[in-house]
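Chains as they are written, first to last, in the working numbering: chain H, 113 to 523; chain B, 318 to 369. Even for Gly, the Cβ is constructed at its ideal location relative to N, Cα and C. Have a look at the structure below before the remarks.
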Amino acid sequence: MADTVAMRRSDRPTEWPDGNLDVGALRESGWQPSPFRQFLFKVHSRCNLSCDYCYVYEMADQSWRSRPVTMSAEVVARASMRIADHVTRHNLDEVRIILHGGEPLMAGREFFVNFATTVRNAIPSDCTVELGMQTNAVLLDESFLDVLLKQRIRVGVSLDGDRDANDRHRSYANGRGSYDSVMAALRKLSGPPYDRLYTGLLCTVDLKNDPVATYEALLEFAPPSMDFLPPHGNWSSLPPGRSIDPAATPYADWLIQIFDRWYAAPSRETGIRFFEEIINLVLGGRSHLESIGLTPVTLVVIEADGVLEQVDSLKAAYQGAPATGLNVFDNSFDDALELPAIAARQIGVNGLCETCQRCEVRDICGGGLYPHRYRDGTGFLNPSVYCPDLLRLIRHIRDRVRQDLAGLVRA
Amino acid sequence: MPDVTQISLDEVRSLDDSVLAHSLRRFERESSEARDPISAFGAFNQHGSSPW
Chain H
113 MADTVAMRRS
123 DRPTEWPDGN
133 LDVGALRESG
143 WQPSPFRQFL
153 FKVHSRCNLS
163 CDYCYVYEMA
173 DQSWRSRPVT
183 MSAEVVARAS
193 MRIADHVTRH
203 NLDEVRIILH
213 GGEPLMAGRE
223 FFVNFATTVR
233 NAIPSDCTVE
243 LGMQTNAVLL
253 DESFLDVLLK
263 QRIRVGVSLD
273 GDRDANDRHR
283 SYANGRGSYD
293 SVMAALRKLS
303 GPPYDRLYTG
313 LLCTVDLKND
323 PVATYEALLE
333 FAPPSMDFLP
343 PHGNWSSLPP
353 GRSIDPAATP
363 YADWLIQIFD
373 RWYAAPSRET
383 GIRFFEEIIN
393 LVLGGRSHLE
403 SIGLTPVTLV
413 VIEADGVLEQ
423 VDSLKAAYQG
433 APATGLNVFD
443 NSFDDALELP
453 AIAARQIGVN
463 GLCETCQRCE
473 VRDICGGGLY
483 PHRYRDGTGF
493 LNPSVYCPDL
503 LRLIRHIRDR
513 VRQDLAGLVR
523 A
Chain B
318 MPDVTQISLD
328 EVRSLDDSVL
338 AHSLRRFERE
348 SSEARDPISA
358 FGAFNQHGSS
368 PW
């Protein structure tokens, strides 16, 4: 992996941040990194679905091919020890541990029991450990739910809307859609006693779908929260339906229809994560999401072989994009905090390009999701490829909230 | 921009069940916390076989 990083840097010497962000100078100026508080474990490197937009298997980075299928107990134990050291060193009172893949449920029930036990036993008892996972849910039967309930592992599920919308992209390798399997799992997850585990639904946007119908199809499963994720892309590989025309805002147009439907409901029907973060930022609060706002990103990925990586959605950019050259056997998490690529996500407005620095919605937008800023040759110091959409959506939400707040203040 | 601090806590608590009311309660709650935010719904981000 160190070779990968060396190759990446020599191949891309002009790209920001690896080629030209000086962490030493940042340190000398008084900047301090924020410790990691979210640890995402790639517990299984394969998947039982073949979604056509998947950034793990279908995009630039193909590192999954060389990973072990399942994370070993040794890697889990070593990573847990490193997290415990990090918690102690930085006096953290809470950390989030996320099981991820591939498809994490493919690791099996016994793995989940051992994983949760190892992690919780390693981390100091005065630090709250929250365990969660994101799954396609096709293996989520009652016996697995019983394990998750006993181990207190919360569950988010991926679903793209109604049957047609979901099965257009989220299918098995033989082409059969996954909707029926997911629906069966969600019926169980959304009812007692398992509903206490249910965190919500993630839906990848397809502009072909009707937005309000998509929202209402997801609502049928009573999610506590949901989110709509634009498909990955960047300036060198445009997302579907997104052109370089700054006047075109197809994703904002799509999302605004859902926002207006959701926001105007007399009683809140569910949370929509991205919209709620924008509202909180408009009010003067801080974002909890890496895709919006300027809150330092404090997440690190542990691959199935123990290698440390940056956020895994960077796999959409180019081969080796998430690599750090570090691993849990040889390195502490503090070592990762010294990397330009990690620091770049923790320096607020100083990590934004000039266009973003001058933008009227800079502190709300925060430049958008980092992988969406990539351009071959210059790296990540660019606006998001979704910039026109973000600007229109944020203005729409900001203006609506301002208008309603004005009414409240007058009252 | 209307100043959200002009709305009293009692007013915020007495608001209806709308999205804006929920947002104001969250803002008020988090404003009293010194800690850095951690994602309320998993780490973050994205989809494919492996969203979040």
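Next item on the list: Could you name the residues of the same chain whose beta carbon sits closer than 6 Å to that of residue 115(H), not counting the 5 residues immediately before and after it, in chain order?
Entry: Because the pLDDT at residue 115(H) is just 39, under 50, the model does not fix this residue reliably, and the point stays unresolved.
Next item on the list: Assuming residue 316(H) contacts residue 165(H) (C-beta within less than 8 Å), just tell me the rounded distance between them.
Entry: 6 Å
Next item on the list: Assign residue 208(H) to one of three DSSP states: helix, strand, or coil.
Entry: strand
Notebook entry, point to check: I think residue 427(H) touches residue 155(H), with their Cβ atoms under 8 Å apart; what is that distance to the nearest whole Å?
Noted result: Not a contact, Cβ separation roughly 17 Å.
Check: Shortest alpha-carbon distance to residue 277(H) belongs to which of 346(H), 368(H) and 321(H)?
Finding: 321(H)
Next item on the list: Identify which residue in 478(H), 227(H), 495(H) and 209(H) has its Cα closest to the Cα of residue 485(H).
Entry: 495(H)
Check: Measuring CA to CA, which of 500(H), 134(H) and 172(H) is closest to residue 354(H)?
Finding: 500(H)
Check: In this structure, does DSSP put residue 454(H) in helix, strand or coil?
Finding: helix
Notebook entry, point to check: Applying the criterion that 16 or more other CB atoms from any shown protein chain within 10 Å of the CB defines a buried residue, is residue 343(H) buried or exposed?
Noted result: buried
Check: What is the rounded straight-line gap between the Cα of residue 418(H) and the Cα of residue 325(B)?
Finding: 50 Å
Checklist line | Cβ shell of residue 441(H) (< 7 Å), same chain only, five flanking positions each side left out | finding: 190 and 418
Next item on the list: Give the single residue among 445(H), 431(H) and 410(H) whose Cα lies nearest to the Cα of residue 420(H).
Entry: 445(H)
Note to self: Going by the DSSP bridge assignment, what does residue 267(H) pair with across the sheet?
What the structure shows: 245(H) and 310(H)
Margin query: Going by beta-carbon coordinates alone, are residue 461(H) and residue 507(H) separated by less than 8 Å?
Written below: no
Notebook entry, point to check: With residue 422(H) and residue 408(H) assumed to form a contact (beta carbons below 8 Å), what rounded beta-carbon distance in angstroms separates them?
Noted result: No, residue 422(H) and residue 408(H) are not in contact; Cβ-Cβ is about 13 Å, not under 8 Å.
Margin query: In the DSSP assignment, the alpha helix (DSSP H) including residue 227(H) goes from what residue to what residue?
Written below: 221 to 234
Notebook entry, point to check: Are the C-beta atoms of residue 327(B) and some chain H residue less than 8 Å apart?
Noted result: no
Next item on the list: Would you mind sorting residue 139(H) into buried or exposed? The rule is 16 or more other CB atoms within 10 Å of its CB.
Entry: exposed
Next item on the list: Please name the residue, chosen from 269(H), 349(H), 282(H) and 220(H), that lies closest to residue 337(H) on a Cα-to-Cα basis.
Entry: 269(H)
Next item on the list: Could you tell me whether the stretch 145 to 163 of chain H touches the stretch 173 to 184 of chain H, where touching means 3 or more Cβ pairs closer than 8 Å?
Entry: yes
Next item on the list: Determine which residues share a DSSP beta bridge with residue 400(H) and list them.
Entry: None, per the DSSP bridge assignment.
Check: Do you know offhand how far residue 256(H)'s Cα is from residue 127(H)'s?
Finding: 45 Å
Notebook entry, point to check: Using the C-alpha atoms, what's the distance from residue 447(H) back to residue 231(H)?
Noted result: 21 Å
Notebook entry, point to check: Looking at the C-beta of residue 291(H), does it have a partner C-beta in chain B at a distance below 8 Å?
Noted result: no
Check: Residues of chain B with a CB under 9 Å from the CB of residue 375(H): which are they?
Finding: 335, 336 and 337
Item checked: Helix, strand or coil at residue 298(H) according to DSSP, with G and I counted as helix -> helix
Next item on the list: Using a threshold of 8 Å, state whether the C-beta atoms of residue 325(H) and residue 162(H) are closer than that.
Entry: no
Check: Taking 8 Å as the CB-CB cut-off, is residue 180(H) touching chain B?
Finding: no
Notebook entry, point to check: So, is residue 149(H) buried or exposed, given that buried needs 16 or more other C-beta atoms within 10 angstroms?
Noted result: buried
Notebook entry, point to check: Quick one: which chain B residues come within Cβ less than 7 Å of residue 217(H)?
Noted result: Those do not exist, as residue 217(H) stays about 11 Å from chain B at its closest Cβ, beyond 7 Å.
Next item on the list: Taking only beta-carbon positions, decide if residue 343(B) is within less than 8 Å of chain H.
Entry: yes
Margin query: I'd like to know if residue 347(B) contacts chain H, where contact means its C-beta is closer than 8 Å to some C-beta of that chain.
Written below: yes
Check: How many angstroms separate the CA atom of residue 405(H) from the CA atom of residue 178(H)?
Finding: 35 Å
Next item on the list: Indicate the three-state DSSP secondary structure (helix, strand or coil) for residue 487(H) in the structure shown.
Entry: strand
Check: So what does residue 414(H) bridge to, in DSSP terms?
Finding: 153(H) and 420(H)
Checklist line | Terminal residues of the alpha helix (DSSP H) in which residue 344(B) lies | finding: 336 to 348
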